[in-house]
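Residues in the sequence shown are numbered consecutively from 1, following full-length UniProt numbering.
Cβ atoms here follow ideal geometry from the backbone N, Cα and C, with glycine treated the same way.
Keep in mind that this is a model prediction, so the values were computed, not measured.
Taking it in order: structure first as structure tokens, then the write-up.
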Amino acid sequence: MTGGGAASLAFGKEQSFTGSLTGAPDYWAFGRNPTLTELSLENQLQRLDEADAVESVESVKQNFEGAVAVEAVVSADVHGDVQDLVFNDSGTGFVSGRPASGRIFAGIDYLDGTAERELIGCIPVDYSVTYEQGGMTTYSLSMLYADEQEATSITPTGVTQVTDGSSVPFHGTTLTIDAADVTKLQSATLSISNIARFQRGGETTPVDAVIAAPETTLEASAIFTGPETRLDLAYGGGSVNEPQDQLSSVTGSFSLTSKGGASVTTYDLPKLKPDSYQWADLIDAETDLTDPTTFHVNGGVTVS
């Protein structure tokens with residue numbers, strides 16, 4: 001950033017892949033404490049050699065591909081619109097076909113002017129929501145983009161911003177596993193990877209995009225309160241005291257509520273199975289025993 005307040009970051013939703021934006025058009029902020037963690041492009045140059053040349057003599061552009069990633073605090077005012085960029089079933093889940101797509105506008109007022117990059121055909125690749133005890137609940141969204149355009153002024157106007165009281169603190173987040181709220185929760189991350197990919201043809205830029213093969217994982221760590229919680233699930237589920245050959249699935253949910261009490265979103269997790277289970281800090285008088293657990297989430301995440 002070139003001085004406080006010099007940067008701008010907003011997004012719009014495309015009506016179709018690389019198509020025009022919805023609304024008049026409409027623009028949204030990503031949330032408070034936004035961070036652009038990545039903005040890069042690749043021309044995927046290929047070097048060409050000649051028989052009598054020691055070094056390559058030319059580089060030719062192949063496929064163009066851009067990558068952009070944003071982190072921000074979850075907010076009731078805009079997060080439903082962020083989820084419209086992630087989930088292609090009207091923001092409620094995944095269906096086969098084309099993914100949701102949008103445009104991101106990243107701008108800077110530098111000392112001698114303004115520069116903006118309009119990232120076109122942004123499709124989701126990875127998405128996560130993270131809870132940390134004592135902090136704000138945040139999300140991360142990584143996307144690929146198909147093309148971009150430079151401007152010397154900031155395009156988005158009338159951007160929907162976050163209002164006071166609409167952000168989600170740690171005490172507005174509830175994780176439920178097997179019909180019981182996880183008590184003394186220290187950290188939790190719900191992650192979805194491999195959401196969408198490009199289709200290419202005879203052009204350097206992608207010609208279309210499709211849903212890939214989304215995979216969802218839940219990582220949770222809580223102060224240990226007894227074996228009847230995650231340990232029994234890691235053994236196989238039910239009243240067992242040793243690892244079983246098969247594991248039972250349980251349901252779960254990850255619910256977010258704003259500081260002002262507004263329901264922001266609930267991720268319904270139909271089939272949870274522990275992939276790994278640990279004990280951490282067993283012998284440490286200054287800390288509590290926790291049991292970090294990683295779950296596979298199957299059956300299709302839905303958002304309500």
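I need the boundaries of the alpha helix (DSSP H) containing V86, first residue and last residue. Numbered from 1 along the sequence shown, position 86 holds the residue referred to as residue 86. Looking at the DSSP string, the run of the alpha helix (DSSP H) that includes V86 is H79 to V86.
Beta strand (DSSP E) runs contained entirely in the segment 120-151, provided each spans 3 or more residues: 138-145 and 147-151
Measure the C-alpha to C-alpha separation of residue 312 and V60 and round it to an integer number of angstroms. The chain is shown only over 1 to 304; residue 312 falls outside these bounds and no answer can be derived.
Beta strand (DSSP E) containing A234: first to last residue? For this step, residue 234 is matched to residue 234 along the sequence shown. Element bounds for A234: not the beta strand (DSSP E) but the alpha helix (DSSP H), R230 to Y235.
Beta-carbon proximity check, A115 vs T152, cutoff 8 Å: Residue mapping note: residue 115 aligns to position 115 of the sequence shown, counting from 1. Residue mapping note: residue 152 aligns to position 152 of the sequence shown, counting from 1. Contact flag set, yes.
P99 and A196: beta carbons closer than 8 Å? Here residue 99 is taken as the residue at index 99 of the sequence shown, counted from 1. Here residue 196 is taken as the residue at index 196 of the sequence shown, counted from 1. A contact, by the Cβ cut-off of 8 Å.
For Q62, count neighbouring C-beta atoms within 10 Å of its own C-beta (all shown protein chains included) and say buried if the count is 16 or more, exposed if not. Sequence index remark: in the sequence shown, residue 62 carries index 62 (1-based). It counts as exposed.
For T183, which option in Y235, T22, H171 and T302 has the closest C-alpha, if you only look at C-alpha atoms? Taking the first residue of the sequence shown as position 1, residue 183 is located at position 183. Out of Y235, T22, H171 and T302, H171 has the C-alpha closest to the C-alpha of T183.
With DSSP as the reference, please indicate the residues paired to D268 in a beta bridge. Against the sequence shown, residue 268 aligns to sequence position 268. Its beta-bridge partners are S253 and T302.
Name the two residues that bound the continuous beta strand (DSSP E) containing D208. Locating residue 208 in the sequence shown gives position 208, counting from the first residue. Start and end: D208 to I211.
May I have the straight-line CA-CA distance separating V86 from G260, to the nearest angstrom? One-based indexing of the sequence shown puts residue 86 at position 86. One-based indexing of the sequence shown puts residue 260 at position 260. Distance between the alpha carbons of V86 and G260 is about 25 Å.
If you drop the 5 nearest sequence neighbours on each side, which residues of the same chain put their C-beta closer than 6 Å to that of T173? Position 173 of the sequence shown, counted from the first residue, corresponds to residue 173. Closer than 6 Å at Cβ, skipping near neighbours: Y131, T137 and L256.
Three-state secondary structure (DSSP) of G66: Working through the sequence shown from its first residue, we reach residue 66 at position 66. If DSSP states are grouped into helix, strand and coil, G66 belongs with the strands.
Sub-8 Å separation of L231 and D178 beta-carbons: Indexing the sequence shown from 1 puts residue 231 at position 231. Indexing the sequence shown from 1 puts residue 178 at position 178. No, Cβ-Cβ distance for L231 and D178 is not below 8 Å.
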